[in-house]
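Have a look at the structure below, then the notes.
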Amino acid sequence: MSGPNNNSSIRVDDGFERHYAEKIWALIPEVYRNEDGVAVRAGQLRALVEILAKQAAIARRSVDRLRADTRADEADDWAIPYIGALIGARPVSALNRPGQRANLARTILYRRRQGTVRLLELLADDIADWDGVASESFKRLLRHWHMLDGGPPIEGTITRSPQWGYADLRNVRIGEALNSAHDDLSHAAEFRRHRGVLGRYNIQKVNLHLFRQYAFPLSGITPFPFGDGYYTLDPSGRDIPLFQVGGRESRDCTAAREWEMRAPIPCHRLNAASFRPERAHAPVELTDLLEPIYGRHFTTEAGLLEAANAALTVNPAMPNTLSDAQVAALIQAAMELETPRHHLLPGGDPATLSIALSVAPDFSGPALGPQHLYGANLAEWAADHGIPSWVRALVDPQRGRVRLMAPLTIAQVLHVQRIYYGIFWPIGAGTHDRASGLAAEGFTPLALNEPDFTEPISGEFRFMDSRTYRPLIAANGVIETNGNLFLTAANGQRPYVVINTRVNNSVTLHSTGEDAELVIDGLWLAVIGTDSGDTELRIEGAWRKVTLRNITIDPGGERASGSAGPIPAVTLVFGGAIDDIVIDSAITGPIAEAVTSLDPGATDTVSIRNAIVFSEGGTPALLLRNAQLSLDNATVFGNLVAGRLIASQVLVDGQVLVEDGQSGCFRFSAASAGGRVPHPYESHFFPDGLPAGTFVSRRFGDPGYAQITEIAPPEIRTGGENDTEMGAFNRALDPIKRADLAAKLEEFMPINAIAQLVFET
Numbered sequence: 003m004s005g006p007n008n009n010s011s012i013r014v015d016d017g018f019e020r021h022y023a024e025k026i027w028a029l030i031p032e033v034y035r036n037e038d039g040v041a042v043r044a045g046q047l048r049a050l051v052e053i054l055a056k057q058a059a060i061a062r063r064s065v066d067r068l069r070a071d072t073r074a075d076e077a078d079d080w081a082i083p084y085i086g087a088l089i090g091a092r093p094v095s096a097l098n099r100p101g102q103r104a105n106l107a108r109t110i111l112y113r114r115r116q117g118t119v120r121l122l123e124l125l126a127d128d129i130a131d132w133d134g135v136a137s138e139s140f141k142r143l144l145r146h147w148h149m150l151d152g153g154p155p156i157e158g159t160i161t162r163s164p165q166w167g168y169a170d171l172r173n174v175r176i177g178e179a180l181n182s183a184h185d186d187l188s189h190a191a192e193f194r195r196h197r198g199v200l201g202r203y204n205i206q207k208v209n210l211h212l213f214r215q216y217a218f219p220l221s222g223i224t225p226f227p228f229g230d231g232y233y234t235l236d237p238s239g240r241d242i243p244l245f246q247v248g249g250r251e252s253r254d255c256t257a258a259r260e261w262e263m264r265a266p267i268p269c270h271r272l273n274a275a276s277f278r279p280e281r282a283h284a285p286v287e288l289t290d291l292l293e294p295i296y297g298r299h300f301t302t303e304a305g306l307l308e309a310a311n312a313a314l315t316v317n318p319a320m321p322n323t324l325s326d327a328q329v330a331a332l333i334q335a336a337m338e339l340e341t342p343r344h345h346l347l348p349g350g351d352p353a354t355l356s357i358a359l360s361v362a363p364d365f366s367g368p369a370l371g372p373q374h375l376y377g378a379n380l381a382e383w384a385a386d387h388g389i390p391s392w393v394r395a396l397v398d399p400q401r402g403r404v405r406l407m408a409p410l411t412i413a414q415v416l417h418v419q420r421i422y423y424g425i426f427w428p429i430g431a432g433t434h435d436r437a438s439g440l441a442a443e444g445f446t447p448l449a450l451n452e453p454d455f456t457e458p459i460s461g462e463f464r465f466m467d468s469r470t471y472r473p474l475i476a477a478n479g480v481i482e483t484n485g486n487l488f489l490t491a492a493n494g495q496r497p498y499v500v501i502n503t504r505v506n507n508s509v510t511l512h513s514t515g516e517d518a519e520l521v522i523d524g525l526w527l528a529v530i531g532t533d534s535g536d537t538e539l540r541i542e543g544a545w546r547k548v549t550l551r552n553i554t555i556d557p558g559g560e561r562a563s564g565s566a567g568p569i570p571a572v573t574l575v576f577g578g579a580i581d582d583i584v585i586d587s588a589i590t591g592p593i594a595e596a597v598t599s600l601d602p603g604a605t606d607t608v609s610i611r612n613a614i615v616f617s618e619g620g621t622p623a624l625l626l627r628n629a630q631l632s633l634d635n636a637t638v639f640g641n642l643v644a645g646r647l648i649a650s651q652v653l654v655d656g657q658v659l660v661e662d663g664q665s666g667c668f669r670f671s672a673a674s675a676g677g678r679v680p681h682p683y684e685s686h687f688f689p690d691g692l693p694a695g696t697f698v699s700r701r702f703g704d705p706g707y708a709q710i711t712e713i714a715p716p717e718i719r720t721g722g723e724n725d726t727e728m729g730a731f732n733r734a735l736d737p738i739k740r741a742d743l744a745a746k747l748e749e750f751m752p753i754n755a756i757a758q759l760v761f762e763t
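Residue numbers (the numbering used here): 3 to 763.
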């Protein structure tokens, strides 16, 4: 499944409506066409013709697609249930369109694999587009070995604990493996119902561990420097966890391995490797001396190097220890293929490569391999980790921090060739597919890190990569436009645009003309002022329409090092005369109107959908007293103050205060009690605010930012229209996918087995 990047619902403009409208219009006698143009209510006949043309276009498309509508991968949505009825496929929710199509295409395959563990993982991928790992609990029960087991117990692949036996507490990864998708420890039987970590292990139970967050690639970003060789891989200086790309093939029938899931990378997993040196792996000059270690299995690098150095000491001739270059070469060559370290770092399978960094003059330089790049806990930047001299860099995958072990030369730069970030559903600036909203030509590519915006600009300017850009603006902090302005990011890129201002901690986009249009698509915007306070991005002047799509306006936060200062929250402020403002698929800080005694503001409507709006402290997240506010599928952290409000499936972590209670509505939404809400319908109000634990995280940058937890009230998790969840991630259809997956598991599971869903992310 293509998941959030699925654009199958986008119809190509075939022009059939226009073609048939003109064809039918030409068949009408000219006298009637003329009368239609001069009548008191002109255009009635033309309107009828356009209705007929639409129906003719539908009929034409149906005829053209007669053959395609017989195939599951090409059929229109209306044909899917009919094809499914021919093979007896049990339908899933019509809202889950990709799952519905996959269910039809693979029903025969499901029946052939019925009763197998791999089928559960296939269903998770096909129906819900989640990575899944199925674990049969009876294999993990603590018991005595007996003769029918056919040999001694097998050691676990992660903790090396014996199957059915007691855990080997000496292994550093035991805490990481416990109760995880790849748990290789033994557990006592539990007869209670499944709840959290309880009730998971019994003979008839099969645990399906689900990874719901997506991993998107980043390449060519500018690491944030803190000095002395310390960096964060987030360009703003935040701590962000690094993700595995996943990449398991649907036809792979082997057991899921720990590096094949879309999940955060633990530090110990990044360092996990085993070694089996052979003669071909040894340095040429030491081939005979290292004979004692050939064919032996080592679970750690320390064991490998200790044995190698011991073999060298037998010969009194120098050298008695391996040099740094020899150590690096031996580690790289002797590393076994089926280990996390080999797959996650350069040198292994390109399909599972998740971290690629290079220290070179240009981006195409060789990446640091597993012999030079190691995972480490960099919570304390300057801690002495006792790093061997052959190590060139440390990376903390749980925080996204990097430490270079040697100072960079003048010609060297730290390049990020590939990393992955996680998010529950693509919202805001990101590298997900945005091709349908971008023009194929007619734009000006920006090649410099500091594009010149000091003079009035117009047209489309496109940021072609994910670097950090710092545009040059006029001394008064104003970017003037003299026509339509489009600021876009290339598809698959996430540029970080930092605007430095020296005037009142604000930057203004001002239209000098009238009836202009502004579109900002795909950018991550930050405004840095002269002090550490919060900043403003102001949009003023006369605009016909302002569209902010797939953007992130930095909501503020803390950098990884306190000495670098906090990240200012950027308030989006509208002023002047703006007819229509549309904010779609965005993450923003506070949003407000610029209202003064001389300029009361003339914004007509503000439409916000599929968005997260964040504010902390006493500042309202939304403060729009004059414009009509339309909210749809939005999560708001903070109070909402508006003159008029139309809200649907909105989650407000604060009070809603609306002046006009006679018009508008507040449907399928939730907020704190005590506000003024127009016409609530199927909405819920919590006296003490949203319950603690409603969100996985409230910190921008975390993969679970604004994601609803398992312990959130059911009114929030399934309180949206069509029993979906409220808030910004309504489009993810999480409750719908759960129900569909549970129904398919019940259909194909053996009668004596119980499938349990365990949500890992």
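Ideal placement from N, C-alpha and C gives every residue a C-beta, glycine not left out.
Open item on the list: Pop quiz: Arg-469 and Asn-493 are said to be a contact at Cβ under 8 angstroms. What is the actual Cβ separation, rounded to whole angstroms?
Closed with: Here the question's residue 469 lines up with position 467 in the sequence shown. Here the question's residue 493 lines up with position 491 in the sequence shown. Not confirmed; about 16 angstroms, so no contact.
TODO: Per DSSP, which residues does Glu-519 bridge with? Please list them.
DONE: Here residue 519 corresponds to residue number 517 of the sequence shown, with the count starting at 1. Per DSSP, Lys-547.
Task: Where Ser-460 falls: helix, strand or coil (DSSP) - done: As a position in the sequence shown, residue 460 is number 458, starting the count at 1. It is a strand residue.
Task: Cα-Cα separation between Asp-364 and Pro-225, rounded to whole angstroms - done: Position 362 of the sequence shown holds residue 364. Position 223 of the sequence shown holds residue 225. Approximately 14 angstroms, taken between the alpha carbons.
Open item on the list: So the candidates are Ala-757, Arg-611 and Pro-752; which of them puts its Cα closest to the Cα of Arg-115?
Closed with: Counting from 1 along the sequence shown, the entry for residue 115 is found at position 113. Of Ala-757, Arg-611 and Pro-752, the smallest CA-CA separation from Arg-115 is found for Pro-752.
Task: Cβ neighbours of Asn-9 in the same chain (closer than 6 angstroms, five flanking residues each side left out) - done: Position 7 of the sequence shown, counting from 1, holds the residue named residue 9. A caution first: Asn-9 carries a pLDDT of 49, below 50, which makes its placement in the model too unreliable to give a value.
Task: For Arg-472, three-class secondary structure by DSSP - done: Translated into positions along the sequence shown, residue 472 becomes position 470. Taken through DSSP and simplified to helix, strand or coil, Arg-472 comes out as coil.
Open item on the list: With distance defined between alpha-carbon atoms, name the residue in Asn-635, Asp-435, Ala-413 and Pro-592 nearest to Val-615.
Closed with: The residue given as residue 615 occupies position 613 in the sequence shown. It is Pro-592.
Task: Straight-line gap, Ser-11 to Leu-375 (C-alpha atoms, nearest Å) - done: Translated into the one-based positions of the sequence shown, residue 11 becomes position 9. Translated into the one-based positions of the sequence shown, residue 375 becomes position 373. Residue placement at Ser-11 is flagged as unreliable, the pLDDT there being 46, under the threshold of 50; the coordinate-derived value follows with that caveat. Between Ser-11 and Leu-375, the C-alpha separation is close to 43 angstroms.
Task: Beta-ladder partner(s) of Ile-585, from DSSP - done: Here residue 585 refers to the residue found at position 583 of the sequence shown. Answer is Leu-550 and Ile-610, bridged to Ile-585.
- [ ] Would you kindly report the start and end of the unbroken alpha helix (DSSP H) that includes Ala-130?
- [x] Taking the sequence shown and counting its residues from 1, the one referred to as residue 130 is at position 128. Where Ala-130 is concerned, the enclosing alpha helix (DSSP H) stretches over 119–130.
Task: Ala-629 (DSSP reduced to helix, strand or coil) - done: On the sequence shown, position 627 is the one that residue 629 refers to. Reduced to three states, the DSSP call for Ala-629 is strand.
- [ ] Pull up the CB-CB distance for Thr-234 and Ala-562, whole angstroms please, since I reckon it's below 8 angstroms.
- [x] What you label residue 234 is simply residue 232 of the sequence shown in a count that begins at 1. What you label residue 562 is simply residue 560 of the sequence shown in a count that begins at 1. So it is a contact: roughly 5 angstroms between Cβ atoms.
Open item on the list: Between the alpha carbons of Asn-502 and Arg-405, how many angstroms are there, rounded?
Closed with: Within the sequence shown, numbered from 1, the residue matching residue 502 stands at position 500. Within the sequence shown, numbered from 1, the residue matching residue 405 stands at position 403. Their Cα atoms are separated by approximately 27 angstroms.
Task: Where the beta strand (DSSP E) containing Gly-645 begins and where it ends - done: For the purposes of this step, residue 645 is taken as residue 643 along the sequence shown, with counting starting at 1. Start and end: 642–655.
TODO: Kindly list the residues whose CB is nearer than 6 angstroms to the CB of Ile-129, restricted to its own chain and excluding five residues on each side of it in sequence; keep chain order.
DONE: In the sequence shown, residue 129 corresponds to position 127, counting from 1. The residues are Gly-101, Asp-742, Leu-743 and Lys-746.
Task: Minimum C-alpha distance to His-270 - residue among Tyr-232, Ala-179, Ala-491 and Asp-634 - done: As a working mapping, residue 270 is identified with position 268 in the sequence shown. Checked all of Tyr-232, Ala-179, Ala-491 and Asp-634; the closest Cα to His-270 is Ala-179.
Open item on the list: Could you pull the DSSP bridge partners for Tyr-376 from this structure?
Closed with: Here residue 376 is taken as the residue at index 374 of the sequence shown, counted from 1. In the DSSP output, where bridge partners are listed per residue, Tyr-376 has Leu-396.
- [ ] Look at the Cβ atom of Gly-663, then the Cβ atom of Arg-646, and state whether they are nearer than 7 angstroms.
- [x] Here residue 663 refers to the residue found at position 661 when the sequence shown is read from its first residue. Here residue 646 refers to the residue found at position 644 when the sequence shown is read from its first residue. No, Cβ-Cβ distance for Gly-663 and Arg-646 is not below 7 angstroms.
Open item on the list: Given a cut-off of 7 angstroms on the beta-carbon distance, is the pair Val-584 and Thr-637 in contact?
Closed with: If you number the sequence shown from 1, residue 584 lands on position 582. If you number the sequence shown from 1, residue 637 lands on position 635. No, the pair does not count as a contact, with Cβ atoms beyond the cut-off.
TODO: For Trp-132, count neighbouring C-beta atoms within 10 Å of its own C-beta (all shown protein chains included) and say buried if the count is 16 or more, exposed if not.
DONE: Counting from one through the sequence shown, the residue named residue 132 turns up at place 130. Looking at its Cβ environment, which holds 16 or more other Cβ atoms inside 10 Å, Trp-132 is buried.
Task: For Asn-311, three-class secondary structure by DSSP - done: Position 309 of the sequence shown, counting from 1, holds the residue named residue 311. Helix.
Open item on the list: Do Gly-543 and Ser-513 have their beta-carbon atoms positioned less than 7 angstroms apart in this structure?
Closed with: Residue mapping note: residue 513 aligns to position 511 of the sequence shown, counting from 1. Residue mapping note: residue 543 aligns to position 541 of the sequence shown, counting from 1. In this structure, the beta-carbon distance from Ser-513 to Gly-543 falls below 7 angstroms.
- [ ] Pair every Cβ in the stretch 310–330 with every Cβ in the stretch 345–364, then say whether three or more of these pairs are closer than 8 angstroms.
- [x] no
Open item on the list: With the cut-off set at 7 angstroms, would you say Leu-489 and Ile-530 are in Cβ contact?
Closed with: If you number the sequence shown from 1, residue 489 lands on position 487. If you number the sequence shown from 1, residue 530 lands on position 528. Annotated as distal: Leu-489 and Ile-530, with beta-carbon spacing of 7 angstroms or more.
Open item on the list: Going by DSSP, what residue range makes up the alpha helix (DSSP H) through Val-208?
Closed with: Stepping through the sequence shown from its first residue, residue 208 is reached at position 206. No alpha helix (DSSP H) contains Val-208, which is instead part of the beta strand (DSSP E) from 207–213.
TODO: Indicate the three-state DSSP secondary structure (helix, strand or coil) for Val-597 in the structure shown.
DONE: Taking the sequence shown and counting its residues from 1, the one referred to as residue 597 is at position 595. Reduced to three states, the DSSP call for Val-597 is coil.
- [ ] Below 8 angstroms on the Cβ atoms is my guess for Ala-191 versus Asn-204; work out the distance and round it to an integer in Å.
- [x] Taking the sequence shown and counting its residues from 1, one reaches residue 191 at position 189. Taking the sequence shown and counting its residues from 1, one reaches residue 204 at position 202. That pair is a contact at about 5 angstroms.
TODO: Go through the stretch 47–116 residue by residue and report every complete run of the alpha helix (DSSP H) that reaches 4 residues or more, in order.
DONE: 82–89 and 99–114
Open item on the list: Am I right that His-211 and Val-760 are in contact with their C-beta atoms under 8 angstroms? What's the rounded C-beta distance?
Closed with: Residue numbering aside, residue 211 sits at position 209 when the sequence shown is read from its first letter. Residue numbering aside, residue 760 sits at position 758 when the sequence shown is read from its first letter. Their Cβ separation, rounded to whole angstroms, is 5 angstroms, which keeps His-211 and Val-760 in contact under 8 angstroms.
TODO: Kindly confirm or deny that the stretch 328–338 and the stretch 264–282 touch, where touching means at least three C-beta pairs closer than 8 angstroms.
DONE: Cβ pair count under 8 angstroms is three or more, so yes.
Task: Cross-strand partners of Glu-542 (DSSP beta bridge) - done: Residue numbering aside, residue 542 sits at position 540 when the sequence shown is read from its first letter. According to DSSP, Glu-542 bridges with His-512.
TODO: State the Cα-Cα distance for the pair Glu-748 and Ala-757, rounded to the nearest angstrom.
DONE: For the purposes of this step, residue 748 is taken as residue 746 along the sequence shown, with counting starting at 1. For the purposes of this step, residue 757 is taken as residue 755 along the sequence shown, with counting starting at 1. Distance between the alpha carbons of Glu-748 and Ala-757: 8 angstroms.
Task: Endpoints, alpha helix (DSSP H) assigned at Cys-269 - done: The count along the sequence shown starts at 1 and reaches residue 269 at position 267. 269–273 is the span of the alpha helix (DSSP H), which, as asked, contains Cys-269.
TODO: In the DSSP assignment, find the beta strand (DSSP E) that holds His-417 and state where it starts and stops.
DONE: In the sequence shown, the residue the question calls residue 417 occupies position 415. Per DSSP, His-417 belongs to the beta strand (DSSP E) from 415–425.
- [ ] State yes or no: is the C-beta of Glu-560 within less than 7 angstroms of the C-beta of Pro-570?
- [x] Walking along the sequence shown from the start, residue 560 turns up at place 558. Walking along the sequence shown from the start, residue 570 turns up at place 568. Going by C-beta atoms, Glu-560 is not nearer than 7 angstroms to Pro-570.
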